[in-house]
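Following: one structure in structure tokens, then a few remarks.
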Amino acid sequence: MGNRDLIGGFVRLHVLHHAQCGPIFGIGIIDRLAFLGYVLSPGTLYPILHGLEKDGFLRSSTVVVGKKRRRVYEITAEGQRTLVLSKARLWELFKEVFERELSPDTSGHIEEALRIALLNASKPPGSSRAKGKAVTRSRSGIKPHRA
Numbered sequence: 009m010g011n012r013d014l015i016g017g018f019v020r021l022h023v024l025h026h027a028q029c030g031p032i033f034g035i036g037i038i039d040r041l042a043f044l045g046y047v048l049s050p051g052t053l054y055p056i057l058h059g060l061e062k063d064g065f066l067r068s069s070t071v072v073v074g075k076k077r078r079r080v081y082e083i084t085a086e087g088q089r090t091l092v093l094s095k096a097r098l099w100e101l102f103k104e105v106f107e108r109e110l111s112p113d114t115s116g117h118i119e120e121a122l123r124i125a126l127l128n129a130s131k132p133p134g135s136s137r138a139k140g141k142a143v144t145r146s147r148s149g150i151k152p153h154r155a
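In my numbering, the protein residues as written are 9 to 155.
Right, dumping it as structure tokens:
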């Protein structure tokens, strides 16, 4: 696995994260990722989008914006589940890498939120939520609160 493969994995996670927040489109994601320091061409990003769609994590449709047709992508239920599982794995890696910098309080809150998200992601769509908890999304990620 080379640097390109590693960066490609990060890009895929970014794409799923942004698609979770709402519909996305290629140039918009290229611009957003450029703001974060990723330099991507359409020739790099579009195969990633098509691969995520082929794998069932995104679905696309065509919309008309002004006089242009634009392909927009939305996250699927499978994409949501994959993103939650990826966030849990990313958290484990983050804890290892930043072990000395993390406070126990910070770790505890994040682990509780991920535990609830993983529990909810493992249930079939339409089933009840984790017992006694409701889960909402915020700008910073998954946020548990008492129901």
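A virtual CB, placed ideally from N, CA and C, is assigned to each residue, including glycine. These numbers come from a predicted model, not from an experiment.
- Residue pairing for isoleucine 83: DSSP places it in a beta bridge opposite Leu66.
- Valine 47 sits in coil when the DSSP states are folded into three classes, being neither helix nor strand.
- For phenylalanine 106, no alpha helix (DSSP H) encloses it, and the DSSP letter there is neither H nor E.
- Buried is the label assigned to arginine 20, since at least 16 other Cβ atoms lie within 10 Å of its Cβ.
- Looking at the DSSP output, arginine 78 bridges to Val71.
- The region 51 to 59 makes contact with the region 19 to 35; the number of CB pairs closer than 8 Å reaches 3 or more.
- Our two residues, serine 111 and serine 69, have alpha carbons roughly 44 Å apart in a direct line.
- For glutamine 88, same chain residues with a beta-carbon under 8 Å away, outside a window of 5 residues either side, are Gln28 and Ala129 in chain order.
- By the C-beta density criterion, phenylalanine 43 is exposed, having fewer than 16 other C-beta atoms within 10 angstroms.
- Inclusion of glycine 34 and leucine 53 in the CB contact set at 7 Å is warranted, their separation being smaller than that value.
- DSSP places glycine 17 in the uninterrupted alpha helix (DSSP H) bounded by 11 to 29.
- Among the bridge pairs identified by DSSP, phenylalanine 33 is matched with Val80.
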